[in-house]
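A.B. asks: Below is a structure I'd like to ask you about.
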Amino acid sequence: TLATVGLQIFGSRQVTRPSLTPAVQDSAPTVSEMTADAFREALEGVPNLVFDQVMPNLDPLLDRAFQPVYEKVEDYTDFHYSIRGEYTELGGAIFARLEDDLEERLFAGLTERLSSISSQMDESFLRAYEHSLGEKVRMASKSVDIGEATRNATQGAIQRVKVTMPVAAATTVAGAVSIKVISKVVAKKVAIKVAGKGLVKGGSLLTGAGTGAALCAPAGPAAAICGIAGAVVAGLTVDAIVIEADEWKNREEFEQHLRQAIDDEKDRVRSILAQQLQVKKLELVRLAPQQAQDLTLAQLGS
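Numbering (our numbering), first residue to last: 39 to 340.
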């Protein structure tokens, strides 16, 4: 009996004695889901941050896009103060085709350059948004390994940026930044200068006709034909003299007028693209509460 009791006491002490082998700790990283409020706060703050980051890129891009236009101003001025240019501009003003000539001589290639700007601004916004939102999500979740619901919601927000109010929408063929619109606006301003030349043109034609008729008066039956030919020659001669005098007096003013018209259009394009970015930013902020609610539903569903 004594032996049995002794063995029972010894066994009970062995069971209650603490183990000398330490417990194995789980080394797996902690998975953390972001709260809906924190996610909404990040979604509302990131668009403003991104807007401030990408806006400084706009002016240098516009400068490069419009530089070839400014470089052609002097050549167009030479054309303007030529007999061919005078008749082309007068005809264009009369038949409303002056913008087509300006598009060819000044704005060729601008459509592609403006489209490239829009694409670059959209791409810059997307990259900056993806980086900034990822940083905010990692900081708010306090974990390297975020939960599946948070990861899916973050990717959804990034995908939303691609389709929300793209800047490229402002540079479509029918858009306010199209080359057709730019050429038409500048053409109206150039037409004001061309109209003044039209008054001189009428006087030179009458003078030429009179001179031609006087020179051919003794020609008998051929007087009419001779008069027409003489009018053309005399008219062109008067034109050349008038154009040269006009260029000497007004060339610098015309160049400034043309450059100012281009400046105005460049500023208008900048305003439209900046406004498009602003609208994109505000729309993303507006969508933030709904996206945060979607994150909550996803967490509840899991």
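Backbone N, C-alpha and C define an ideal beta-carbon position, used for all residues, glycine too. Just so we're clear, the structure is a prediction, and the values are computed from it rather than from any experiment.
Who are the near neighbours of E112 in its chain, counting only those whose CB is closer than 8 Å to its CB and skipping five residues on each side?
C.D. replies: Result list for E112: E293, in chain order.
A.B. asks: Measure the CB-CB distance between R78 and A330 and report whether it falls below 8 Å.
C.D. replies: Yes, these two residues count as a Cβ contact at 8 Å.
A.B. asks: Note down, one range per segment and in chain order, each alpha helix (DSSP H) of at least 4 residues found wholly within the region 69 to 113.
C.D. replies: As far as the region 69 to 113 is concerned, its whole alpha helix (DSSP H) runs of at least 4 residues are 74 to 92 and 96 to 109.
A.B. asks: Taking only heavy atoms of the ligand PLP into account, decide whether any of them is closer than 7 Å to the Cβ of V307.
C.D. replies: The model on display carries no ligand, and the ligand PLP is accordingly not part of it.
A.B. asks: Hey, out of R143, T192, E137 and R306, whose CA is closest to K227's CA?
C.D. replies: Among R143, T192, E137 and R306, the Cα nearest to that of K227 belongs to E137.
A.B. asks: Distance check for S221 and D101, CA to CA, integer angstroms please.
C.D. replies: D101 and S221: Cα-Cα distance of roughly 18 Å.
A.B. asks: Here's a check: name, in chain order, each residue in its chain whose Cβ is nearer than 8 Å to the Cβ of Q115, leaving out the five neighbours to either side.
C.D. replies: Strictly speaking, residue 115 in this sequence is Thr, with Gln absent from that position. Excluding sequence neighbours, T115 sits near R289, F292, E293 and L296.
A.B. asks: Mind the definition here: the region 73 to 90 touches the region 173 to 182 only if three or more C-beta pairs lie below 8 Å; say whether that holds.
C.D. replies: They touch, by the three-pair rule.
A.B. asks: Compare the C-alpha of I121 against each of L144, E285 and A312 and name the closest.
C.D. replies: Comparing Cα positions, the closest option is E285.
A.B. asks: Identify the continuous alpha helix (DSSP H) that holds S120 and give its terminal residues.
C.D. replies: Taken as a continuous stretch (DSSP letters only), S120 belongs to no alpha helix (DSSP H), as it is neither H nor E.
A.B. asks: Look at the alpha carbon of T126 and the alpha carbon of L144, and state the distance between them as a whole number of angstroms.
C.D. replies: Their Cα atoms are separated by approximately 15 Å.
A.B. asks: By Cβ distance below 8 Å, which residues in the same chain neighbour L148 in space, the five residues on each side in sequence not counted?
C.D. replies: Cβ within range, chain order: A103, F104, P106, V107, I217 and I220.
A.B. asks: If we call anything under 8 Å between Cβ atoms a contact, is A80 one with L152?
C.D. replies: Not in contact: A80 and L152 (Cβ atoms no closer than 8 Å).
A.B. asks: Where K180 and Y167 are concerned, what is the direct C-alpha to C-alpha distance, given to the nearest angstrom?
C.D. replies: K180 and Y167: Cα-Cα distance of roughly 20 Å.
A.B. asks: If contacts are defined as beta-carbon pairs under 8 Å, then G185 and E71 qualify, I think. What distance do you get, rounded to the angstrom?
C.D. replies: G185 to E71, Cβ: 4 Å. Contact.
A.B. asks: Once DSSP output is grouped into helix, strand and coil, what is the label at L296?
C.D. replies: In the structure shown, L296 sits in a helix (DSSP, three-state: H, G or I).
A.B. asks: So, L311 versus S157, is the Cβ gap smaller than 8 Å?
C.D. replies: No, the Cβ-Cβ distance between L311 and S157 is not below 8 Å.
A.B. asks: Where do the ends of the alpha helix (DSSP H) carrying G172 lie?
C.D. replies: Its alpha helix (DSSP H) spans residues L148 to S179.
A.B. asks: Does DSSP classify L31 as helix, strand or coil?
C.D. replies: This structure leaves residue 31 out entirely; the chain is present only between 39 and 340.
A.B. asks: Starting from the C-beta of L164, find all residues in its chain whose C-beta is less than 8 Å away, skip the five residues before and the five after it, and write them out in chain order.
C.D. replies: Answer for L164: I196, V199 and K200, listed in chain order.
A.B. asks: Take the Cβ of K287 as the centre, count every other Cβ of all protein chains shown within 10 Å, and call the residue buried at 16 or more, exposed below.
C.D. replies: Result: exposed.
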